[in-house]
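The structure appears right after this line, and notes come after that.
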Amino acid sequence: MSANDSLISELQLLKTQLNEYNYQYYVLDTPTVPDSEYDRQLRRLQEIEAAHPELITADSPSQKVGGAPLDAFRQITHELPMLSLDNAFNEDELFAFEKRLKDRLKRDVEIDYSCEPKLDGLAVSILYENGQFVRAATRGDGRVGEDITANVRTIKNVPLSLRGDDFPARLEVRGEVFMSLAGFAALNAAQKASEKKVFANPRNAAAGSLRQLDSRITASRPLMFYAYSVGVVEGERQALADKHAERLNQLTHWGMPLSPEVAVAKGAKGCHAYYQGLATKRAALPYEIDGVVFKVNDIALQQELGFVARAPRWAIAHKFPAQEEMTKLLDVEFQVGRTGAITPVARLEPVFVGGVTVSNATLHNQDEVARLQVKIGDTVIIRRAGDVIPQVVSVVQEQRPDDARDVVFPVACPECDSHVERLDEEAVLRCTGGLICPAQLKESLKHFASRKAMDIDGLGDKLVVQLVDMGLVKTPADFFRLDVAPIAAMERMGEKSATNIINALDKAKQTTLPRFLYSLGIREVGEATAANLANHFKTLDAVMNATLEQLVEVNDVGEVVAAHVRHFFAEEHNQTVIAQLQELGVNWPDIEDKSGTAQPLLNKTFVLTGTLSAMGRNEAKVVLQNLGAKVSGSVSAKTDYLVAGEKAGSKLTKAQELGVTVMTEDEMLALFAQY
Ligand code: IVH
8 MSANDSLISE LQLLKTQLNE YNYQYYVLDT PTVPDSEYDR QLRRLQEIEA AHPELITADS
68 PSQKVGGAPL DAFRQITHEL PMLSLDNAFN EDELFAFEKR LKDRLKRDVE IDYSCEPKLD
128 GLAVSILYEN GQFVRAATRG DGRVGEDITA NVRTIKNVPL SLRGDDFPAR LEVRGEVFMS
188 LAGFAALNAA QKASEKKVFA NPRNAAAGSL RQLDSRITAS RPLMFYAYSV GVVEGERQAL
248 ADKHAERLNQ LTHWGMPLSP EVAVAKGAKG CHAYYQGLAT KRAALPYEID GVVFKVNDIA
308 LQQELGFVAR APRWAIAHKF PAQEEMTKLL DVEFQVGRTG AITPVARLEP VFVGGVTVSN
368 ATLHNQDEVA RLQVKIGDTV IIRRAGDVIP QVVSVVQEQR PDDARDVVFP VACPECDSHV
428 ERLDEEAVLR CTGGLICPAQ LKESLKHFAS RKAMDIDGLG DKLVVQLVDM GLVKTPADFF
488 RLDVAPIAAM ERMGEKSATN IINALDKAKQ TTLPRFLYSL GIREVGEATA ANLANHFKTL
548 DAVMNATLEQ LVEVNDVGEV VAAHVRHFFA EEHNQTVIAQ LQELGVNWPD IEDKSGTAQP
608 LLNKTFVLTG TLSAMGRNEA KVVLQNLGAK VSGSVSAKTD YLVAGEKAGS KLTKAQELGV
668 TVMTEDEMLA LFAQY
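FYI, our numbering numbers position 209 of the sequence shown as 216, with every residue one higher than the one before it.
Written out as structure tokens, the structure reads:
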């Protein structure tokens, strides 16, 4: 086979596949591969076609914008074609785009851009005649779309008549129909409750809702519209602005909704700054966006630059790194956590997703593995959004190899061979080995030394693991028996860092009862519960000897937590370690000694809201409780103070309505400083 023959067959395969994906995506609304995979194949196709223009055919996916319209809707031929956008996937491609513009313009002008979020929904054209909504259409293949007038009429933020009296006699507004995250969640909850189909993502939900033949169904769906450009314009009464962003503002005057994120930036540099800003803000936006769009702001420049086949030369979409990618599941391993929970972890062929290379993802538990119907060897779709740990979202069943293997859960702990159990009400499998299990031991010791627990400076996770592996530490008490010499002899250590660690250990001995209780790693006892236990019982002995009935009297302690606390202190080996720690000098000030004078906020109720930057909300809660205050989750007439951090929302409004005293984070810190 010649090089050209193999190119032709590759091209044919790409076309068939892309056409199939288009059909699934645009016509059936059920994509089977992530967008990133589609983009990759389209780019490869374009690459081959660019090098061999003679191979371009009229039916190539590069030559059309979308899929064929559904038969049941009337067809509408767009007076002006609805175009698509070229993509940039990184900063270099953005700068290359601007360079192309300047080369074409043959002058080095400073270019302003209208910067807009790339909303992840569907492009729609809406026609107004004499200010009245008369017609709406989907993009379809860019030339012919579907008549969805009855459906778009029902979208809450689409005006049925324009405001004012200076709009053009005929005005076509183009924009995106989409569904907010909250709307999507509510819709899916309702669908689930009535045992109807749940949607995979907000884009699919918007598409499914817009393509209803019964517009009453569309009316019941939480769709939204944002305008992003102007199509046909005839009979202007007020001249349209000569800048794109100003035109968008004109549209808002006539009543069209516009994304609040639209801004004007100078040059590719300014665009990149906008991109980074919106990327940071992305997770907090109430709807999904998959990138940003930059458009040359000056309409005269736009006209000078013109169009290529499917897209304008003067605009580009800078896509965010894909949050979903396909890769191969190489194996499933089982990780044992601090409390013995055994988690299946997917080992993956490394894949770049959400801006980082991912080679592991959690599979959570047995129920999740069953739900996914995943086998080792499968092609899986991985999602990593923001800082969230990577998840396996689904399996591409069609690509399962013949030798795919079942995921088999262990009957014994993979670390210590102890028997594993799954309690009825729990989803997880647990190792029963306790501290005999090296994995549980390591995790417990890491927790003991961590910042919010005993806060042993310099004793990080890696060092803890090394100390356990070398047999130097078997219980938390062993930390305080360490000498400089063996630590100094360890890898990447020396006399100086070893001495620092010994000093840090010495310093950490002076702690507080809440920290000490938290550091023990009792199941379900987090920072706040540890503080509640300490404040309630005042001494360690009292906590250790408390009965179940006494324990459930503590704020936020229910029967489950009480049982875990009892169970922990009933274990003889735990009692021994606690006694040894105290013998080795671990101590804390007596809480009772400070009562009276140290509880100046007794009987005062506080609510914390918004982001507190100097100390976290949990930490502030503990300090307040130590000072005798009650910390509640919601504002009521009984609230004495609301501490409002950054981005405080409805709680702040409610407090203001009820006349509750509001203090800033700084005022709270000043209050703490008094005591
Ligand atoms: S402008 C002449 N602006 O992205 C350029 N499109 O890949 C036409 N989209 O079909 C599109 N947000 O569905 C434009 N602010 C925005 C957009 C946007 C989302 C979608 C739209 C379009 C697709 C192009």
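All C-beta atoms, glycine included, are put in the ideal place defined by N, C-alpha and C. Small disclaimer: the values here were computed from a predicted structure and weren't measured.
Residue burial classification, residue i (beta-carbon count within 10 angstroms, cutoff 16)
i	result
N11	exposed
Q139	exposed
Q582	exposed
V395	exposed
G347	buried
R391	buried
V667	buried
T145	buried
V159	buried
E332	buried
A677	exposed
P76	Because P76 carries a pLDDT of 44, less than 50, the predicted location of this residue cannot be relied on, and no value is offered for it.
Q380	exposed
Q632	buried
P483	buried
S201	exposed
Contacting residues, own chain, Cβ-Cβ under 8 Å from residue i (five flanking each side not counted)
i	result
I443	C423, S425
H454	R345, A460, S526, G528
Q663	V669
R81	E153, D154
A307	D249
I55	L14, E17, L18, L21, L62
V491	E502, A505, T506, I509
Short Cβ contact (8 Å threshold) for residue i with residue j
i	j	result
I155	L220	no
A234	L194	no
E123	V269	yes
L101	F185	no
S43	A329	yes
I389	V365	yes
Same chain only: Cβ atoms within 6 Å of residue i, ignoring 5 sequence neighbours per side
i	result
Y45	Y28
D464	A511
E653	G617, T618
Y135	L169, L178
L452	V471
Y282	V299, H325
S457	none
A636	L608, K611, F613
A197	none
E105	A275
G440	C420, C423, S425
I323	D93, A95, F104, F301
R142	L134, T156
A434	N372, D374
Nonlocal neighbours in the same chain, by C-beta distance under 7 Å from residue i, ignoring five residues either side
i	result
G242	P175, A176, R177
S187	P229, M231, P293, Y294
K601	Note that K601 scores a pLDDT of 48, beneath 50, so its modelled location is shaky; the value from the coordinates is reported in the next line. No residues qualify anywhere along the chain.
K661	V642
N26	P68
K71	Reliability of the predicted coordinates at K71 is poor, the pLDDT of 41 falling under 50, and the value obtained from them is presented with this limitation in mind. Closer than 7 Å at Cβ, skipping near neighbours: D148, G149.
E531	V567, V568, H571
A213	G128, L129, V184, F185, M186, L230
8 Å contact criterion, which residue i and residue j should meet: CB distance rounded
i	j	result
L520	I598	6 Å
G284	R210	Contact doesn't hold; Cβ gap of about 23 Å is too wide.
K611	A535	With 8 Å as the limit, K611 and A535 do not qualify as a contact, their Cβ atoms being about 18 Å apart.
V376	P417	13 Å between Cβ atoms; not a contact.
L370	V403	Contact doesn't hold; Cβ gap of about 16 Å is too wide.
R354	K382	At roughly 14 Å, the Cβ-Cβ gap does not stay under 8 Å, so R354 and K382 are not in contact.
D305	D462	About 58 Å separates the two Cβ atoms, so there is no contact after all.
V303	L108	7 Å
S639	T646	7 Å
Any chain B beta carbon closer than 8 Å to residue i
i	result
V559	Looking at the structure shown, chain B is missing, and only one protein chain is on hand.
Could you tell me whether the stretch 560–580 touches the stretch 529–542, using the rule of 3 or more Cβ pairs below 8 Å? yes
Check whether the stretch 333–351 touches the stretch 300–319, counting contact only when three or more Cβ pairs, one atom from each stretch, lie closer than 8 Å. no
Under 8 Å, with one C-beta from each stretch per pair, do the stretch 91–108 and the stretch 243–254 reach the 3-pair mark? no
Three CB pairs or more closer than 8 Å across the stretch 135–154 and the stretch 80–92: yes
I want to know whether the stretch 257–271 touches the stretch 106–116 - three or more CB-CB distances under 8 Å. no
Taking three-plus beta-carbon pairs below 8 Å as touching, is the stretch 424–440 in contact with the stretch 312–328? no
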